[in-house]
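Peer 1:
Numbering (the working numbering), first residue to last: 129 to 559.
Dropping the structure here:
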């Protein structure tokens, strides 16, 4: 990690620069995959699975019985942990439901808004070095709470052609209606366009590598909604003199081990904390199974020693981190000053890992500075808000003249006429 002491504000943009996904030339590789799946359906999916995953599949689907069987393939302790996380996630997202809003904006003019679930959603869970079954809980449970009828999950098969039991168990527990052994950009294409086996969905959720990320961006141009722009994972930690370097180092490394393009920041007003934490990072790093990945991520990460808390607040709001840990004495007061962050972890005993897995909040969060304008996945991500209005005859008589005046000013004669013809009919009826 690179140490910077009291950097000028003019230096902040360079210091806060993130690793970025390099899409140069990538579209030329991803677009043909999308087109092939759109044109050839399941045949293309089987061919890509053989090519990229080294597995020949006759049937892409995982049966409900195979999902249910996963319960017997996991340890009791892991099943209990997943069940606990599921309960907390469900409780937090159930609490986000809002009642129907009805307003009479003026006598006879009634307006209301209602949440309607997206009927069919697609979820993607990547393969790689570890089964990210926790992300299934984070996506499927809110979708189920929202009332989505179909939850279609795609994930790459293992070398044996099967899906990891933890993924199958989480899918079964969280209400996945269909599970398919398909990964990569081809899975995104299948969800976006539909194939003989995989239904077309209306919105796609889930993380992935640069191919998956670009595929989601490309299909979104064709009318398929996606959850949010995605980038490498990140954490910022603000620490004062009360923080414990061992805790801080563990938090930084827990994010660095995600991938070589992850970024971690330590922001502190205490030089001693900065020095001790760097020493502790090296000590803990040596024993990590994913130390090579974490070390690469640390090579483009920063330790920033700032003059005071005000500078720390300004820097964090400029950076807009995906995850923000406040390892400080006045954590709640400091949290009230943060306006740009995906999720905030307050105090010395709230590691970012609890939000990743089981506290109940959602770990699908905006990265790459998008926390300035985007929220993490929530119940609202799986619903549409439909507005309604109904006018009584008296309501139209009160509101209509203003609409006629505005339509005339915008030179939209048919708009005005739609009101005028009704007002004339009401006047005739009253005569």
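Glycine included, each C-beta is placed from N, C-alpha and C at the ideal position.
What runs of the beta strand (DSSP E), each 3 residues or longer, lie entirely inside the stretch 298 to 329?
Peer 2: Listed in chain order, the beta strand (DSSP E) runs fully inside the stretch 298 to 329 are 306 to 309, counting runs of at least 3 residues.
Peer 1: Where residue 261 and residue 273 are concerned, what is the direct C-alpha to C-alpha distance, given to the nearest angstrom?
Peer 2: Residue numbering aside, residue 261 sits at position 133 when the chain shown is read from its first letter. Residue numbering aside, residue 273 sits at position 145 when the chain shown is read from its first letter. Rounded to the nearest angstrom, the two C-alpha atoms are 18 Å apart.
Peer 1: Assuming residue 280 and residue 327 form a contact by the criterion Cβ under 8 Å, report the distance between their Cβ atoms to the nearest whole angstrom.
Peer 2: The count along the chain shown starts at 1 and reaches residue 280 at position 152. The count along the chain shown starts at 1 and reaches residue 327 at position 199. Distance from residue 280 to residue 327 at the Cβ level is roughly 6 Å; contact confirmed, criterion being Cβ atoms closer than 8 Å.
Peer 1: What does residue 239 pair with, by DSSP beta-bridge criteria?
Peer 2: Position 111 of the chain shown holds residue 239. BP columns for residue 239 point to 231, 517.
Peer 1: So for residue 333, helix, strand or coil by DSSP?
Peer 2: Residue mapping note: residue 333 aligns to position 205 of the chain shown, counting from 1. Note: residue 333 maps to strand in three-state DSSP.
Peer 1: Write down the C-beta distance between residue 324 and residue 170 rounded to the nearest angstrom, noting that I regard them as a contact closer than 8 Å.
Peer 2: The count along the chain shown starts at 1 and reaches residue 324 at position 196. The count along the chain shown starts at 1 and reaches residue 170 at position 42. Indeed, because the Cβ distance is near 5 Å, the residues count as touching under 8 Å.
Peer 1: Please classify residue 490 as buried or exposed, where buried requires at least 16 other C-beta atoms within 10 Å of its C-beta.
Peer 2: Along the chain shown, read from residue 1 onward, the residue named residue 490 stands at position 362. The Cβ neighbour count for residue 490, taken over all protein chains shown within 10 Å, is at least 16; the residue is labelled buried.
Peer 1: Name the two residues that bound the continuous alpha helix (DSSP H) containing residue 390.
Peer 2: Against the chain shown, residue 390 aligns to sequence position 262. That residue, residue 390, is in no alpha helix (DSSP H); it is neither H nor E in DSSP.
Peer 1: Assuming residue 443 is part of the alpha helix (DSSP H), what are its boundary residues?
Peer 2: For this step, residue 443 is matched to residue 315 along the chain shown. Per DSSP, the unbroken alpha helix (DSSP H) holding residue 443 starts and ends at 437 to 447.
Peer 1: I'd like to know if the stretch 465 to 480 and the stretch 440 to 447 are in contact, where contact means that at least 3 CB-CB pairs between them fall below 8 Å.
Peer 2: yes
Peer 1: Who pairs with residue 473 in a beta bridge, going by DSSP?
Peer 2: Position 345 of the chain shown, counted from the start, is the residue given in the question as residue 473. In the DSSP output, where bridge partners are listed per residue, residue 473 has 453.
Peer 1: Quick test of your reading: residue 95 and residue 518, contact by CB under 8 Å. State the CB separation rounded to the nearest angstrom.
Peer 2: No statement about residue 95 is possible, as the shown extent of the chain runs from 129 to 559 and does not include it.
Peer 1: Quick check: the Cα distance between residue 438 and residue 269, rounded to an integer number of angstroms?
Peer 2: Here the question's residue 438 lines up with position 310 in the chain shown. Here the question's residue 269 lines up with position 141 in the chain shown. If you take the alpha carbons of residue 438 and residue 269, they lie about 39 Å apart.
Peer 1: What number of angstroms, rounded off, separates the C-alpha of residue 392 from the C-alpha of residue 405?
Peer 2: The residue given as residue 392 occupies position 264 in the chain shown. The residue given as residue 405 occupies position 277 in the chain shown. Taking the straight line from one Cα to the other gives about 13 Å.
Peer 1: Going by Cα to Cα distance, which pick from 402, 216, 452 is closest to residue 131?
Peer 2: In the chain shown, residue 131 corresponds to position 3, counting from 1. The alpha carbon of residue 131 has as its nearest neighbour, out of 402, 216, 452, the alpha carbon of 402.
Peer 1: Could you pull the DSSP bridge partners for residue 283 from this structure?
Peer 2: By 1-based counting over the chain shown, the position of residue 283 is 155. Paired residue(s): 309.
Peer 1: Which word fits residue 308, buried or exposed, when buried means at least 16 other C-beta atoms lie within 10 angstroms of its C-beta?
Peer 2: Counting from 1 along the chain shown, the entry for residue 308 is found at position 180. Label assigned to residue 308: buried.
Peer 1: In this structure, does DSSP put residue 373 in helix, strand or coil?
Peer 2: Residue numbering aside, residue 373 sits at position 245 when the chain shown is read from its first letter. Residue state, collapsed to three classes: helix.
Peer 1: Using the C-alpha atoms, what's the distance from residue 481 back to residue 215?
Peer 2: Numbered from its first residue, the chain shown carries residue 215 at position 87. Numbered from its first residue, the chain shown carries residue 481 at position 353. Cα to Cα, the separation comes out at about 17 Å.
Peer 1: Which residue's Cα is closest to the Cα of residue 432: 181, 208, 155, 398?
Peer 2: What you label residue 432 is simply residue 304 of the chain shown in a count that begins at 1. If we check each option's Cα against that of residue 432, 398 comes out closest.
Peer 1: Less than 6 Å between C-beta atoms, sequence neighbours within five positions excluded: which residues of the same chain meet that for residue 516?
Peer 2: Along the chain shown, read from residue 1 onward, the residue named residue 516 stands at position 388. Counting only Cβ-Cβ distances below 6 Å, and skipping sequence neighbours, we find 240.
Peer 1: Measuring only the C-alpha atoms, how far is residue 224 from residue 506?
Peer 2: Within the chain shown, the letter at position 96 stands for residue 224. Within the chain shown, the letter at position 378 stands for residue 506. Cα to Cα, the separation comes out at about 8 Å.
Peer 1: Just to confirm, is the Cβ distance from residue 317 to residue 363 under 9 Å?
Peer 2: Locating residue 317 in the chain shown gives position 189, counting from the first residue. Locating residue 363 in the chain shown gives position 235, counting from the first residue. No, these two residues do not count as a Cβ contact at 9 Å.
Peer 1: Taking residue 287 as the reference, which of 542, 184, 449, 296 has the closest Cα?
Peer 2: Locating residue 287 in the chain shown gives position 159, counting from the first residue. When each option's Cα is compared against that of residue 287, the closest is 184.
Peer 1: Measure from the alpha carbon of residue 199 to the alpha carbon of each residue in 293, 244, 418, 538, then state which is nearest.
Peer 2: Your numbering for residue 199 matches position 71 in the chain shown. Of the candidates 293, 244, 418, 538, the one whose C-alpha sits nearest the C-alpha of residue 199 is 293.
Peer 1: Excluding the five sequence neighbours on either side, which residues of its own chain have a C-beta within less than 8 Å of the C-beta of residue 231, listed in chain order?
Peer 2: Position 103 of the chain shown, counted from the first residue, corresponds to residue 231. So the qualifying residues of the chain are 238, 239, 240.
Peer 1: Between the C-alpha atoms of residue 162 and residue 313, what's the straight-line distance to the nearest angstrom?
Peer 2: Residue mapping note: residue 162 aligns to position 34 of the chain shown, counting from 1. Residue mapping note: residue 313 aligns to position 185 of the chain shown, counting from 1. Each residue's alpha carbon lies about 7 Å from the other.
Peer 1: Compare the Cα-Cα distances from residue 339 to each of 250, 302, 522, 152 and report the closest residue.
Peer 2: Residue 339 sits at position 211 when you count from the first residue of the chain shown. Closest by alpha carbon: 152.
Peer 1: Can you tell me whether residue 244 is buried or exposed? The criterion is at least 16 other CB atoms within 10 Å of its CB, across all chains shown.
Peer 2: Translated into positions along the chain shown, residue 244 becomes position 116. With fewer than 16 Cβ atoms within 10 Å of its Cβ, residue 244 is classed as exposed.
Peer 1: Would you kindly work out how many angstroms separate the C-alpha atoms of residue 304 and residue 497, rounded to a whole number?
Peer 2: In the chain shown, the residue the question calls residue 304 occupies position 176. In the chain shown, the residue the question calls residue 497 occupies position 369. So the alpha carbons of these two residues sit roughly 31 Å apart.
Peer 1: Using three-state DSSP, classify residue 430 as helix, strand or coil.
Peer 2: As a position in the chain shown, residue 430 is number 302, starting the count at 1. Strand at residue 430.
Peer 1: Which word fits residue 475, buried or exposed, when buried means at least 16 other C-beta atoms lie within 10 angstroms of its C-beta?
Peer 2: Residue mapping note: residue 475 aligns to position 347 of the chain shown, counting from 1. The C-beta of residue 475 has fewer than 16 other C-beta atoms within 10 Å across all chains shown, which makes the residue exposed.
Peer 1: Tell whether a beta-carbon distance below 9 Å holds between residue 365 and residue 331.
Peer 2: The residue labelled residue 365 in the question sits at position 237 within the chain shown. The residue labelled residue 331 in the question sits at position 203 within the chain shown. Not in contact: residue 365 and residue 331 (Cβ atoms no closer than 9 Å).
Peer 1: For residue 472, which residues in the same chain have their Cβ closer than 7 Å to its Cβ, ignoring the five residues on either side in sequence?
Peer 2: As a first step, residue 472 must be located in the chain shown, where it is residue number 344. Same-chain partners within the cutoff: 452, 454, 463, 466.
Peer 1: Taking the alpha carbon of residue 522 as the reference point, which residue from 541, 547, 537 has its own alpha carbon closest?
Peer 2: Position 394 of the chain shown holds residue 522. Per the Cα distances, 547.
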